[in-house]
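For reference, the structure discussed in these notes is given below.
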Amino acid sequence: MSTPKRILFAASLLLATTAGVSLAETPHLGKPLDEAAIANWDISIQPDGTGLPKGSGTSAQGAVIFAEKCSACHGDNGKGGVAAALVAERKISGISASQKTIKNFWPYATTIFDFIRRAMPFTAPRSLSDDEVYALTAYILAENKLIDANDTMNAETLPKVKMPNRDNFIIRFPDRI
């Protein structure tokens, strides 16, 4: 038997013996999830606002929440602390994370909502109510002078906020927006 045929035979034999192992019983790790458990974590927000929950908030409401739950990391008025600045007027001139701010980099206001809702505050992610997230989003947008301080953010108004860097992104799947 030639060397290529021996290699092919050995590979076939290996595949045949491991196929049975892969079809064997699983180690019983974890547990199956029901639809309710999945829905609790299926909270993605699309750039066009699809998936935004009910609720609303204003910059004034967000200022109070920010001072209580966010300023320890992001500094007074979001100007920066141990965590990144959320409010800044600097221009972006490279890809360094230290240069990126909400105003000069983020393409969609809905992404701000999505990120805050999932990950903030850092010490207790997903602990904010939807109204608190809308209020914090309004506060950050108003501090960056992207909306008026009196504007209310909700599922209707948030997707309409035009971010300054929005057109500088190449959308991977534009048909999904």
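In my numbering, the protein residues as written are 450 to 626.
Note that CB positions come from ideal geometry on N, CA and C, so glycine has one too.
Residue i and residue j closer than 9 Å at C-beta
| i | j | result |
| --- | --- | --- |
| ASP580 | GLY498 | no |
| GLY527 | VAL513 | no |
| GLN510 | ALA598 | no |
| LYS480 | LEU577 | no |
| GLN496 | PRO608 | Reading off the sequence shown, one finds Pro at residue 496, where the question assumed Gln. A contact, by the Cβ cut-off of 9 Å. |
| ILE492 | GLY500 | yes |
| SER547 | ALA533 | yes |
| PRO556 | ASN617 | yes |
Cβ-based neighbour list, residue i, same chain, cut-off 6 Å, excluding 5 preceding and 5 following
| i | result |
| --- | --- |
| SER530 | In the sequence on display, residue 530 carries Gly and not Ser. Here the set comprises CYS522, HIS523 and GLY524. |
| PHE458 | none |
| ALA568 | PRO574 |
Inter-residue CB distance, residue i and residue j (contact presumed, cutoff 8 Å)
| i | j | result |
| --- | --- | --- |
| LYS552 | LEU595 | 7 Å |
| ILE561 | ILE541 | So it is not a contact: roughly 17 Å between Cβ atoms. |
| ASP414 | ILE619 | As shown, the chain starts at 450 and ends at 626. That puts residue 414 outside it, with no answer to give. |
| ALA591 | SER520 | Their Cβ separation, rounded to whole angstroms, is 16 Å, which puts ALA591 and SER520 out of contact at 8 Å. |
For residue j and residue i, the rounded distance between their alpha carbons
| i | j | result |
| --- | --- | --- |
| ALA485 | SER451 | 58 Å |
| ALA604 | ARG615 | 19 Å |
| SER545 | PHE554 | 11 Å |
| ARG566 | PHE515 | 14 Å |
| LYS454 | ASP624 | 48 Å |
| THR572 | SER461 | 52 Å |
| LYS611 | HIS477 | 49 Å |
| ARG621 | VAL582 | 27 Å |
| THR475 | GLY543 | 48 Å |
Nearest to residue i (by Cα), restricted to the options the options
| i | options | result |
| --- | --- | --- |
| PHE587 | ARG575, MET602 and ASN593 | Note on residue identity: the sequence assigns Ala, not Phe, to residue 587. When each option's Cα is compared against that of ALA587, the closest is MET602. |
| ARG539 | LEU478, PHE458, PRO502 and PRO613 | PRO613 |
| THR606 | TRP555, PRO502, PHE458 and ASN593 | PRO502 |
| GLY506 | LEU482, PRO623 and ASP600 | ASP600 |
| LEU482 | TRP490, PRO574 and PRO476 | TRP490 |
Cutoff 7 Å; reference residue i; Cβ partners in own chain excluding five residues on either side
| i | result |
| --- | --- |
| ILE456 | none |
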